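Student:
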Ligand SMILES: Cc1cc2nc3c(=O)[nH]c(=O)nc-3n(C[C@H](O)[C@H](O)[C@H](O)COP(=O)(O)O)c2cc1C
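Residue numbers (the numbering used here): 607 to 990.
See below:
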């Protein structure tokens, strides 16, 4: 997650030379077992539900908390629950994003069922939807699988193993092409969700500024940023142990940790270099956006949040197909008081009407490819 610029800022040039000289490029790699889920999902599995679920758990989800629990006790049926130990109460107080992260899961599940020649009948909230502010222990969805020889494989399914959230600095010399923009505008998603896209210089400049300011505000708000720090997995050891959260690893990170310059404590301390690097990263990320895509809905019902997640997954698979990098920048959408003023300005810039909810906001562009994020074992998400 840390750029070379960030590393130089913390450590100074001498250490870079040393690192280059000793060639530590193999050190502190992403542990293979943490990303094994991305290699031939479901291979060797007899139960078709588990084969399908091995794909569904690759869905994008907030802070990579992987808040899914499934019950497989009835044959041909999957009951999906929210794992309430994996919520983000500070940055996602109403669990809106967590529910979106169930929608991404369901879309991927549906696509994987199609690839297996099954039709998935998905009932949302079969025992009633969660309230607007809390999640409870009722199921999010009940899925019944039936064989269907006529089911076509979704063309976007090919992109599933290549889709990765890309937090790099994007290439500001490479705008989106007309072809990419047209393909995105033509993307088919649930009619309850509207996809908006801007590449125009004026709105792009405003949104770059707003997304950067919002991320910086979050970093400067201890309770909010603290929630991200809690789920940061620093170094290969922590990543392999947890297989979730936000991974920080690689030779530069390893050096910084050895030098005592990268730690949870340093990230919390506004006087530290590490903290300044976080701010630089926010500027690089927001400032290098070459387009913004956002998903708007007319209401904020729980079902609509699920449909948003399904649309978001399709959008990310489409941008992957088009060779674009994508990175959600959710801070402006978050429902906490410190963000209210920036949020109001953002809603004005994008012309969101009263009653509408902007559910997702992501920057797009061209960038060096991102690697896969860890996933826990499917077995750890199955309810006994
Ligand atoms: C509802 C939602 C909100 C997200 N918000 C952010 C965000 O603000 N910043 C960010 O870096 N990633 C965000 N992400 C991306 C997740 O962190 C990412 O999906 C997760 O770490 C797993 O990585 P992967 O998408 O590469 O598989 C969001 C994802 C979802 C579904």
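For each residue, glycine too, the CB sits at the ideal point set by N, CA and C. All values reported here derive from a predicted model rather than from experimental measurement.
Taking 7 Å as the cut-off, is the C-beta of residue 773 nearer than that to any heavy atom in ligand 1?
Tutor: On the chain shown, residue 773 is found 167 positions in, with the first residue counted as 1. True, at least one ligand heavy atom lies under 7 Å from that Cβ.
Student: Would the beta-carbon of residue 714 fall within 8 Å of that of residue 662?
Tutor: What you label residue 714 is simply residue 108 of the chain shown in a count that begins at 1. What you label residue 662 is simply residue 56 of the chain shown in a count that begins at 1. Yes. Within cutoff.
Student: How about residue 825 and residue 840: are their beta carbons less than 8 Å apart?
Tutor: If you number the chain shown from 1, residue 825 lands on position 219. If you number the chain shown from 1, residue 840 lands on position 234. Not a contact, by the Cβ cut-off of 8 Å.
Student: Spatial neighbours of residue 733 within its chain, please: C-beta separation below 7 Å, excluding the five flanking residues on both sides.
Tutor: As a first step, residue 733 is located in the chain shown; it is residue number 127 there, counting from the start. These residues qualify, in order along the chain: 744, 745.
Student: Would the C-beta of residue 975 count as close to ligand 1, meaning under 7 Å from any of its heavy atoms?
Tutor: As a first step, residue 975 is located in the chain shown; it is residue number 369 there, counting from the start. Residue 975 Cβ: outside cutoff for every heavy atom of ligand 1.
Student: Looking only at its own chain, which residues have a Cβ that is under 6 Å from the Cβ of residue 964, when we skip the five neighbours before and after it?
Tutor: Along the chain shown, one-based indexing puts residue 964 at 358. If we look at residue 964 and ignore the five residues flanking it on each side, its Cβ neighbours are 900, 902, 939, 958.
Student: Can you say whether residue 979 is buried or exposed, counting buried as having 16 or more other CB atoms within 10 angstroms of its CB?
Tutor: Stepping through the chain shown from its first residue, residue 979 is reached at position 373. Buried.
Student: Give a single yes or no on whether residue 840 has its beta carbon closer than 7 Å to a heavy atom of ligand 1.
Tutor: In the chain shown, counting from the first residue as 1, residue 840 sits at position 234. For ligand 1, not one heavy atom lies less than 7 Å from the Cβ of residue 840.
Student: When every heavy atom of ligand 1 is checked, does at least one fall within less than 7 Å of the C-beta of residue 936?
Tutor: Numbered from 1 along the chain shown, position 330 holds the residue referred to as residue 936. True, at least one ligand heavy atom lies under 7 Å from that Cβ.
Student: Roughly how far, in whole angstroms, is the beta-carbon of residue 908 from the beta-carbon of residue 736, given that I think they are within contact range, below 8 Å?
Tutor: The residue labelled residue 908 in the question sits at position 302 within the chain shown. The residue labelled residue 736 in the question sits at position 130 within the chain shown. Contact flag correct, Cβ pair sits at about 5 Å.
Student: Quick one: any contact between the region 804-824 and the region 930-949, if contact means 3 or more CB pairs under 8 Å?
Tutor: These segments touch.
Student: Kindly indicate the opening and closing residues of the beta strand (DSSP E) around residue 963.
Tutor: The residue labelled residue 963 in the question sits at position 357 within the chain shown. Looking at the DSSP string, the run of the beta strand (DSSP E) that includes residue 963 is 963-971.
Student: What are the boundary residues of the alpha helix (DSSP H) that residue 786 is part of?
Tutor: Residue 786 sits at position 180 when you count from the first residue of the chain shown. Segment 784-791, the alpha helix (DSSP H) holding residue 786.
Student: Could you give the distance in angstroms between the alpha-carbon of residue 809 and the alpha-carbon of residue 648?
Tutor: Position 203 of the chain shown holds residue 809. Position 42 of the chain shown holds residue 648. C-alpha separation (whole angstroms): 43 Å.
Student: Is the beta carbon of residue 687 within less than 7 Å of some heavy atom of ligand 1?
Tutor: Within the chain shown, numbered from 1, the residue matching residue 687 stands at position 81. Flag unset: Cβ of residue 687 not near ligand 1.
Student: If you check the beta carbons only, do residue 879 and residue 709 fall under 8 Å apart?
Tutor: If you number the chain shown from 1, residue 879 lands on position 273. If you number the chain shown from 1, residue 709 lands on position 103. No, they are not a contact pair.
Student: Beta strand (DSSP E) containing residue 677: first to last residue?
Tutor: Numbered from its first residue, the chain shown carries residue 677 at position 71. Run containing residue 677: 674-677, per the beta strand (DSSP E) assignment.
Student: For a test of the three-state rule: what should DSSP assign to residue 855, helix, strand or coil?
Tutor: For the purposes of this step, residue 855 is taken as the residue at position 249 of the chain shown. Coil.
Student: Identify which residue in 966, 982, 724 has its Cα closest to the Cα of residue 799.
Tutor: The sequence position of residue 799 within the chain shown is 193, counting from 1. Ranking 966, 982, 724 by Cα distance to residue 799 puts 966 first.
Student: Using only alpha-carbon positions, find the residue among 831, 712, 910, 698 that is nearest to residue 658.
Tutor: Taking the first residue of the chain shown as position 1, residue 658 is located at position 52. That would be 712, whose Cα lies nearest to the Cα of residue 658.
Student: Nearer than 7 Å: is that true of the beta carbon of residue 703 relative to any heavy atom of ligand 1?
Tutor: In the chain shown, residue 703 corresponds to position 97, counting from 1. Result yes, Cβ under 7 Å from ligand 1.
Student: Chain C beta carbons: is any one of them nearer than 8 Å to that of residue 670?
Tutor: Considering every chain present, this structure includes no chain C. It has just one protein chain.
Student: Answer yes or no: the CB of residue 666 versus the heavy atoms of ligand 1, is any distance below 7 Å?
Tutor: Locating residue 666 in the chain shown gives position 60, where the first residue counts as 1. Answer for residue 666: yes, Cβ within range of ligand 1.
Student: So what does DSSP say about residue 983, is it helix, strand or coil?
Tutor: On the chain shown, position 377 is the one that residue 983 refers to. Looking at residue 983 - three-state DSSP - the assignment turns out to be coil, as it is neither helix nor strand.
Student: With H, G and I counted as helix, E and B as strand and the rest as coil, what does DSSP make of residue 837?
Tutor: By one-based count along the chain shown, residue 837 stands at place 231. Of the three classes helix, strand and coil, the one that applies to residue 837 here is coil, per DSSP.
Student: Cβ of residue 669 versus every heavy atom of ligand 1: is any distance shorter than 7 Å?
Tutor: Here residue 669 refers to the residue found at position 63 of the chain shown. Within the cutoff, so yes.
Student: Which ranges does the beta strand (DSSP E) cover as unbroken runs of at least 3 residues, wholly within the region 628-701, from first to last along the chain?
Tutor: Within the region 628-701, the complete beta strand (DSSP E) runs of at least 3 residues are 674-677, 683-688.
Student: Cα separation between residue 969 and residue 920?
Tutor: Taking the chain shown and counting its residues from 1, the one referred to as residue 969 is at position 363. Taking the chain shown and counting its residues from 1, the one referred to as residue 920 is at position 314. Answer to the nearest angstrom: the Cα atoms are 15 Å apart.
Student: Taking only runs of the alpha helix (DSSP H) that begin and end inside the region 856-930, which ones reach a length of at least 4 residues, in chain order?
Tutor: As far as the region 856-930 is concerned, its whole alpha helix (DSSP H) runs of at least 4 residues are 857-864, 870-874, 879-893, 908-927.
Student: Taking the beta strand (DSSP E) that residue 753 belongs to, which residues open and close that run?
Tutor: The count along the chain shown starts at 1 and reaches residue 753 at position 147. That run of the beta strand (DSSP E) goes 747-753.
Student: When DSSP labels each residue in this structure, what does residue 759 get in the three-state scheme?
Tutor: As a working mapping, residue 759 is identified with position 153 in the chain shown. Looking at residue 759 - three-state DSSP - the assignment turns out to be coil, as it is neither helix nor strand.
Student: Between residue 791 and the rest of its own chain, which residues show a CB-CB distance below 7 Å, the 5 nearest in sequence each way excluded?
Tutor: For this step, residue 791 is matched to residue 185 along the chain shown. Taken in chain order, the residues that qualify are 803.
Student: Run through DSSP, which three-state label would residue 989 get?
Tutor: The residue given as residue 989 occupies position 383 in the chain shown. Of the three classes helix, strand and coil, the one that applies to residue 989 here is strand, per DSSP.
Student: So is the beta-carbon of residue 735 under 7 Å away from any non-hydrogen atom of ligand 1?
Tutor: Translated into positions along the chain shown, residue 735 becomes position 129. No, since every heavy atom of ligand 1 falls outside the 7 Å radius drawn around the Cβ of residue 735.
Student: Candidates 738, 892, 761: which alpha carbon is nearest residue 813's?
Tutor: One-based indexing of the chain shown puts residue 813 at position 207. Here the closest residue by C-alpha is 892.
Student: If you drop the 5 nearest sequence neighbours on each side, which residues of the same chain put their C-beta closer than 7 Å to that of residue 975?
Tutor: The residue labelled residue 975 in the question sits at position 369 within the chain shown. Correct list: empty, nothing qualifies.
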